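Notes follow once the structure below has been shown.
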Amino acid sequence: MKFCLDTANIDEIRKGAELGILDGVTTNPSLIAKEGKDFKEVITEIGKLVHGPISAEVVSLKKEEMVREGKGYAEWGEHVVVKLPITRDGVAACKILSDQGIKVNMTLCFSPSQALLVAKAGAYFVSPFVGRLDDISQDGIALIKDIVLIYRNYGFKTQILAASLRHPMHVVECAKAGAHVGTMPFKVLDALYNHALTDKGLEGFLSDWDKAGKALAQKNKELAPVG
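Position one of the sequence shown corresponds to residue 5 (the working numbering), numbered consecutively onward.
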């Protein structure tokens, strides 16, 4: 499973890149607006830190404008993936851009039928929103499983990029279900490292090592020649 950070914060992305396990970044208009910087400037700066897919989302609603925006974004860097919403115009724009060799991430996926549509349109990624479904008492992980089954049935090449991952178990369950990619906030990525038994075990190892060192030092002191 590949890991993406769902953020436009350069400091978080730098920390993620330093971990050595980061495969890409996803952004959206809300995340870009939160940083208060020029859109192109942010995406370009991310591209200097991450040598993997960087999703940049259009803000237009009409097919022709989506295509125009998408072509412009694709020129910002070799790793830029154009992000489009799953609407009628979005799917049509996906087909046009994909046919021209531009990678597209189809976002705001909440049903298997939507995932089927974007795969037929040649999407590079589909982004099912796990957490947002859980928020309304629907099973987000079940959606991932359904999409995996459909794509396997027909050999679709579209990669499943599980989004709206709120905690480590979302990541684990999506990995078990067969999602190709998981995108998450930095705090969720960081939390994947944590386990109380790891901390306790390390504390014990270091304590034992410290005691052994002190015991050896005392023994050497006792054996040292007098005078």
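The beta carbon of each residue, even a glycine, is placed where N, CA and C say it ideally should be. Bear in mind that the values here come from a model prediction, so they are computed numbers and not experimental data.
Determine whether the beta carbon atoms of residue i and residue j lie at a separation below 9 Å.
i	j	result
V185	K6	yes
G182	I148	yes
A2	Y77	In the structure displayed, the chain extends from 5 to 231; residue 2 sits before or after that span and is not available.
L65	R18	no
L201	G20	no
M110	D93	no
P172	A195	yes
G56	C8	yes
G135	L169	yes
K161	A123	yes
Hey, how far is the Cα of residue i from the Cα of residue j?
i	j	result
H1	L165	Because the chain in this structure spans residues 5 to 231, residue 1 falls outside the shown range and cannot be described.
V46	I14	8 Å
L23	V84	22 Å
Y155	A125	13 Å
G144	G28	22 Å
L153	S211	49 Å
L232	I151	What the structure shows of the chain is the stretch from 5 to 231, and residue 232 is not part of that stretch, so it cannot be assessed.
I36	V62	12 Å
Q163	G51	21 Å
K75	T30	18 Å
F190	Y197	12 Å
L26	M188	11 Å
P132	E68	25 Å
D10	G81	18 Å
E49	A12	10 Å
N224	W213	16 Å
R72	D203	51 Å
G217	K107	57 Å
L101	Y128	11 Å
A167	E16	18 Å
E79	F114	30 Å
Quickly, what does DSSP pair residue i with across the bridge? List them, please.
i	result
T30	D10, S59
G24	Bridge partners of G24: none, in fact.
Answer yes if the stretch 138-147 comes into contact with the stretch 75-90, meaning at least three C-beta pairs across the two stretches below 8 Å, and no otherwise.
no
Say whether the stretch 173-180 touches the stretch 200-212, bearing in mind that this needs 3 or more beta-carbon pairs closer than 8 Å, one atom from each stretch.
With a cut-off of 8 Å, the stretch 200-212 and the stretch 173-180 do not count as touching, because too few Cβ pairs lie within range.
Just to confirm the assignment: which complete alpha helix (DSSP H) runs, minimum length 4, are found wholly within the stretch 69-134?
92-103, 116-124
Beta strand (DSSP E) runs contained entirely in the stretch 147-172, provided each spans 3 or more residues
163-166
As an exercise, report each continuous alpha helix (DSSP H) stretch of at least 4 residues that is fully enclosed by the stretch 176-217, in chain order.
190-195
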